[in-house]
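Residue numbers (the UniProt record's numbering), protein chains in the order written: chain X, 1 to 411; chain L, 1 to 411; chain Y, 1 to 411; chain G, 1 to 411.
Glycine included, every Cβ here is placed at the ideal spot set by N, Cα and C.
No experiment lies behind these values; they were computed from the predicted model shown.
Protein chains: 4
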Amino acid sequence: MDFAPDTTTTEITERVHEFLHERVIPAEPVLDEQLAATPHEWGFRPVVQDLQAQARAEGLWNLFLPDGPAAGASSGTRRGAGLTTLQYAAVAELTGWSPRLAPVAFNCAAPDTGNMELLAHFGTPEQQERWLDPLLDARIRSAFCMTEPDVASSDASQITTRIRRDGDDYVISGRKWFATGAMNPDAALLIVMGKTDPDGPRHRQQSMVLVGRDTPGVTVVRPLSVFGYDDRDHGGHAEVVFDDVRVPATNLLGGEGEGFAIAQARLGPGRIHHCMRGLGMAERALSLVRERARTRSAFGGPLAEKGVVREWVAESRIELEALRLLVLKTAWLMDTVGNREAMTEIQAIKIAVPRAVQRILDRAMQVFGAAGVSADQPLAEMFAGARALRLADGPDEVHLASLGRAELRRP
Amino acid sequence: MDFAPDTTTTEITERVHEFLHERVIPAEPVLDEQLAATPHEWGFRPVVQDLQAQARAEGLWNLFLPDGPAAGASSGTRRGAGLTTLQYAAVAELTGWSPRLAPVAFNCAAPDTGNMELLAHFGTPEQQERWLDPLLDARIRSAFCMTEPDVASSDASQITTRIRRDGDDYVISGRKWFATGAMNPDAALLIVMGKTDPDGPRHRQQSMVLVGRDTPGVTVVRPLSVFGYDDRDHGGHAEVVFDDVRVPATNLLGGEGEGFAIAQARLGPGRIHHCMRGLGMAERALSLVRERARTRSAFGGPLAEKGVVREWVAESRIELEALRLLVLKTAWLMDTVGNREAMTEIQAIKIAVPRAVQRILDRAMQVFGAAGVSADQPLAEMFAGARALRLADGPDEVHLASLGRAELRRP
Amino acid sequence: MDFAPDTTTTEITERVHEFLHERVIPAEPVLDEQLAATPHEWGFRPVVQDLQAQARAEGLWNLFLPDGPAAGASSGTRRGAGLTTLQYAAVAELTGWSPRLAPVAFNCAAPDTGNMELLAHFGTPEQQERWLDPLLDARIRSAFCMTEPDVASSDASQITTRIRRDGDDYVISGRKWFATGAMNPDAALLIVMGKTDPDGPRHRQQSMVLVGRDTPGVTVVRPLSVFGYDDRDHGGHAEVVFDDVRVPATNLLGGEGEGFAIAQARLGPGRIHHCMRGLGMAERALSLVRERARTRSAFGGPLAEKGVVREWVAESRIELEALRLLVLKTAWLMDTVGNREAMTEIQAIKIAVPRAVQRILDRAMQVFGAAGVSADQPLAEMFAGARALRLADGPDEVHLASLGRAELRRP
Amino acid sequence: MDFAPDTTTTEITERVHEFLHERVIPAEPVLDEQLAATPHEWGFRPVVQDLQAQARAEGLWNLFLPDGPAAGASSGTRRGAGLTTLQYAAVAELTGWSPRLAPVAFNCAAPDTGNMELLAHFGTPEQQERWLDPLLDARIRSAFCMTEPDVASSDASQITTRIRRDGDDYVISGRKWFATGAMNPDAALLIVMGKTDPDGPRHRQQSMVLVGRDTPGVTVVRPLSVFGYDDRDHGGHAEVVFDDVRVPATNLLGGEGEGFAIAQARLGPGRIHHCMRGLGMAERALSLVRERARTRSAFGGPLAEKGVVREWVAESRIELEALRLLVLKTAWLMDTVGNREAMTEIQAIKIAVPRAVQRILDRAMQVFGAAGVSADQPLAEMFAGARALRLADGPDEVHLASLGRAELRRP
């Protein structure tokens, strides 16, 4: 057992750390200004493109994507940055310090990352050429259409969207929501999960198809907000109706009936990313708290000398240290024995990290008083993000039940 | 000891309950439509005025205000509805079911209620005629300018706003924020807390003055948001700069040096109202959860049959029943022995209720999945409100420390 | 609504309070000495009899028992003290300050109280004369044999003890445990729950019979401990085997098939008593903490000035005030509308109070350091008692599930 | 970073695991019988000596002790087993499965381990020969006399025990308590902390001396219990009075004024051991819960199918996995950069692990019902041990405050 990061990790995190503090965090107020000047747009503002150009020039690009045969299939060249899941995890944490800017600056933002992974792993060369390459180039963005408003979508057997084979086409009908990024007109690709075989075995009913945003029958109905945030800086969260949307059969991702398995495959790395970004948000919050507690006084002394504030930061530090190790171990398991063997840990971090981050952010807001819930600090928006993560990919309780069931089956 | 509500309470809550369910809750989507149609306005939309007219016609008006000599001074007639704090508490809970509409429908919304109480208790006949009467008539609104961005305002000794006597005038200089309602152009009255005697005894340095919104030197700088919500439907939360604002000395509320005492007096009833509304929000949430849990299924059965959902609603019910009693007892103490003797309880409910409501709303959001954090359900916005209450009037920790100190002094 | 205690309550609690502080608490070290001198005995030590004599002389006797027709049937005189459940609740809280001595001093200790209630409500005149009168006189004690080691006894349908009718007798076979008090040789009466009709409707299978301790076939097998406490001062907790124990059919309590209903009836008042005593234990703990925090110093000042200690006592005070009101309201409901209508509240207090008391005691132990977990302070033993209450009458989770189910059924 | 245990760890834990399950756990009922047969003795029963003989024969002996120059000084041979802190940590976890027997079987039980470490690190060859060798041989036992009844002993500046130099002797006067193991007549060595220089710098006032149990003036006053447990199987917890106890000056451990530093040095490995044993206790509890939940039914199905039980075991699994990693990383830091650099982590695990173990044991007791709090299951006794750990070496709050202060000082 060795808890020291390897040299690749040390080197890449130093570079990302520098980029974060020299370029990304100073760009946050620029984004706010550009957002205020363009209140009705959905998608990236110029500051993002600037950061992307710089990051790309420095080779800090697509760091999330491991290399692999599929990833290089269509072009014969390496696409990913060659980092392991464990190595990228440390990078992902740093991007959490500035969740609106850092992930997109490095072209490492959800949901594109997950979608690119799917295309790299399961896409045909043609699919990769058409969708993966422009995504890796940040020329387009994408959305993942899984959740439906009318059913508990964490239970995949309840999905109602239909994908019917009709000659050389698939015809898609259904209603999806919380398709993150889909308000962005640049989100050219929608990956849609639906049922091709509603009467098949429970986990073989579903398939995934690639749908161009401009395909007839696709309607982006409305944006949804998370708490009061519409997240229009990156493309929001959309409700999308598919009304007899017809795509060629070659747009199927993987095989028929593999939709559930593909969705599961997507989750593993995504959770590492989400969790590490969450820890990064919490570290940023703690950093803000430290500064605040040293400089703000009340009732006779700086907040840093209040027993309760000390206890909060101590509790936060303990939680962060323990949970980071758990996420890193999960990443290591994924790299060494694979996602299936890491199932307990993948569920564990999905449950434990977002709520801990929420708790840490809650304490941080309390230290900041009214400023903490306002837009003058990033805390409340981070809180909303962490809170939403407890529902993303299914509510924690589904995973707790599954983890508990597995534990109770152990000999 | 008798836990049965008296007949006045029973009668008034029945009427308010009916009004709430027949008129207010059905008006919620109307408000949403009117807000969507007027995205740049701050203040009431027409649906509010409609509800106010109906409520007034039914005598459900200014229910929060007890009668008293001061209250009737200028007009010779009863102004308040004659309810005790305890009796009104039951009404306040019901208004929490629809926090954007019900309190304003009955002219019982913060911060006007607290401001009207101050004018009724401490105002001169002239002040009452000029400000209290139009507030009681809902012809104007008002704001309370206490919190400052640069200091821990829960520690009144840190207030930096200055109120200097200059001949027959007071001259006010300072910066306030989170002045709820002050973005509303109808908020004609600002009650401002500042220091008239910065070198006086700690709790005698502060005074309060009445400032017309259109007085030269008053600048409403910008709106502040709470978890992404700008609360423009009622007037938002503003940062306000007072730059040598000159008002006649007769605008002093109470005497010089009484600002802290007046602020304290304002808090007692306000906390009853806040807490009871919070319990009402939680009851609404539970009501939504019941409906959802009966009709939504996942993994083989309705949510209502999941052990975890059952436990959540049970825990929520227990917390609500216990805390409601504590708030009601506090109201009863205020009615019988006065705010000073009820200090422990007033602090206790301020601490215990908002966080319990936050917890209940958090569980409710979890039952609703993605819908829970969106604007399709009232939960996330209620959550933001409950969360902010943990900071309003000073963070909970200030009150915990004070309550703990008092407890440790008991023999 | 009126939160003031009535004059009866005020008067009786003053007398009990005085007795508690003048006689009972000073007797605690005497009990410790007598226990140390008689390490192998089970049952009351002389100090208990002394206190009982004094309490009886002062009319502080059998305060738990309301008057009623059944209660006076055999003797023509009033047996109970005439207090309502609500009035006695305040007394019960005071007895919690000294849980080993105060309840027994007033002849108000479980399980005798519950057993006396059963005899008063359901007993025939003959049963009352034989068992109730000596219990009311403290000439004998009793045990309640419900829980079985081999099944989840909170699910009454799982009870395996058989009560077979055989001519004019019932014959009992089964194994019970945690029969509190049954190690005491003076526990002359065992009330045993078993199945007379194993194939009947779920809640009509059970009956209760009165069994003299010396009936052939009754074997008290062994004592059980709670944490490391054997509770021998009052009679411990026994495992008891019933091996073809034959009693006359007239020993049936109530009718055949009424065992479950009778057990339920027993629970209501018992929970009020348990919960109020729990609150009394917590108040005693807080009182000890106050004294300790004022007199003990660490790292530069008394514990009373540490932020964390202040927060603990504040949290404890809040919990106590809210939960006391909930228990008192439950008692009031039982007095006014009956146990059935108070079901939600009875379950709520059973769940909420013991765990709050446990939490308060846990914090108190932390303030006391090593002394807190030792026998030099009453905290650890009280903690064990509160912890056990979370299992008594079925684990909390059974009640949470039931309460949640009922809540989810509400319209 | 590499989360795989090395081969030494794998090999030693396999052997310990086998010994644990084949010999130690089956010996638990034997210990109970031997304890019941000798209720008045303090110290090991024969079953312990049997296990020690077997463990020693298999080379599973003194595994806690790393090799080092000091350790081999007096005999020229290796004394320790040559395991690193990280390697031994995995062993310590396994010993937690049977806390009364496994640590002593391997001669790895507190407080002897810490005392042996002190002698190995700071003892002179003569001290090592006289005390360390027989301890390593399990011919004697030892106690650590630090905590005092009259002061907050976590604040070393408050220690009142005096160690005065008098010619070639030291003379010790003071009162200690919770000297674990000191009731055991075989505890031949008492290591006593006291002040040699009460007016010196805060952390240079204290020294440690080695005191033979039979030195005149040493009185073992009485045993202390922890939640009713007197822990007589290994030597209990004693109050010890030192009344002008005279020892030769060569009995000083380390130098004058080094008592505080030595005490701190003792804490690091001790916390790893305590925490890993705690995790082992929790794993044992989970293992018992799994068995129980599969075989016990209530209300229509096995406990394993209840949502709440599933959630409990899931939560327990998550906590265990995260905290184990944190303890292992702490051990790794101690091995690689030293205790001083690992201070944050050492404090973190001291705070986080015992309370998590307490929580897990609390849930486990709840699954077991009444059996859970009784001596029929090991849960309640383990709970008492975990609870006491939250006070050992100073209450958690002292460490939280220290950790928080350090965190707030970070840039």
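DSSP lists Y:Val226 as the bridge partner or partners of Y:Tyr229.
Take the alpha-carbon of X:Val247 and the one of X:Ala263: they are about 20 Å apart. Going by C-alpha positions, G:Trp131 is about 7 Å away from G:Leu189.
By the criterion of a C-beta distance shorter than 8 Å, G:Trp177 is surrounded in its chain by Thr147, Glu148, Pro149, Leu224, His237, Ala238, Glu239, Val240, once the five residues flanking it on both sides are discounted. Within the same chain, Cβ atoms closer than 6 Å to the Cβ of G:Gly254 are found at Phe122, Ile262, the five residues on either side in sequence being excluded. In the three-state scheme derived from DSSP, where H, G and I count as helix and E and B as strand, X:Pro125 is classed as helix. Looking at the backbone, the Cα of X:Gly301 and that of L:Gly268 are separated by about 27 Å. Within the same chain, and ignoring the five residues on either side of Y:Asp168 in sequence, the residues whose Cβ sits closer than 7 Å to its Cβ are Pro248, Ala249. Burial state of L:Asp214 is exposed, judged by a 10 Å Cβ sphere holding fewer than 16 other Cβ atoms.
Secondary structure at G:Glu22: helix, using DSSP grouped into helix, strand and coil. For Y:Ile318, at least one C-beta of chain L is nearer than 8 Å to its own C-beta.
DSSP places L:Val337 in no beta strand (DSSP E); its state is neither H nor E.
The beta-carbon of L:Gly307 is placed less than 8 Å from the nearest beta-carbon of chain G. Proximity to X:Thr113 across X:Ser207, X:Ile163, X:Ser142 peaks at X:Ser142, based on C-alpha coordinates. Close partners of X:Lys329 in chain G (Cβ separation under 7 Å): Phe3, Leu325.
The way I'd put it, the segment 276-292 of chain L doesn't touch the segment 194-206 of chain L; fewer than three beta-carbon pairs between them come closer than 8 Å. The continuous beta strand (DSSP E) containing L:Val192 extends over residues 187-195.
For G:Asp393, no Cβ of chain Y is located within less than 8 Å of the residue's own Cβ. The residue among G:Gly194, G:Ala371, G:Leu326, G:Ala380 with its C-alpha nearest the C-alpha of G:Glu258 is G:Gly194.
Chain-ordered, the chain L residues with CB closer than 7 Å to the CB of G:Glu311 read Val308. For X:Lys329, the CB contacts under 8 Å within the same chain, skipping 5 residues up- and downstream, are Glu345 in chain order.
Counting other Cβ atoms within 10 Å of its Cβ, Y:Pro354 reaches 16 or more and is therefore classed as buried. Among the CB atoms of chain L, one or more fall inside 8 Å of the CB of Y:Ala304. Residue nearest to X:Met334 within the set X:Ala293, X:Val192, X:Ile272, X:Gln49 is X:Ile272 (criterion: CA-CA distance). Within chain X, no residue has its CB atom less than 7 Å from the CB of G:Gly268, the nearest being about 16 Å off.
Non-local C-beta neighbours of Y:Met276 in its own chain, meaning closer than 7 Å and more than five positions away in sequence, comprise Ala89, Ala92, Glu93, Gly96, Val327, ordered along the chain. Contacts between Y:Ala352 and chain L, judged by CB atoms closer than 7 Å, involve Ile318, Ala322 in chain order.
Inter-segment contact for the segment 376-389 of chain L and the segment 354-367 of chain L is present: three or more beta-carbon pairs are separated by less than 8 Å. Contact check for X:Gln206 and X:Phe260: beta-carbon distance about 5 Å, within the 8 Å limit, so the pair qualifies. Cβ atoms of Y:Gly80 and Y:Leu65 come within 8 Å of each other, at about 3 Å. Chain-ordered, the chain Y residues with CB closer than 8 Å to the CB of G:Gln366 read Arg390, Leu391, Pro395, Asp396, Glu397. Per DSSP, the beta-bridge partners of G:Ala143 are G:Leu190. The segment 284-297 of chain Y makes no contact with the segment 314-322 of chain L, as fewer than three CB pairs between them are under 8 Å. Between Y:Arg45 and Y:Gln34, the beta carbon gap of about 4 Å places them in contact (Cβ cut-off 8 Å).
For X:Thr85, the enclosing alpha helix (DSSP H) starts and ends at 85-95. Annotated as proximal: Y:Val104 and Y:His234, with beta-carbon spacing under 8 Å.
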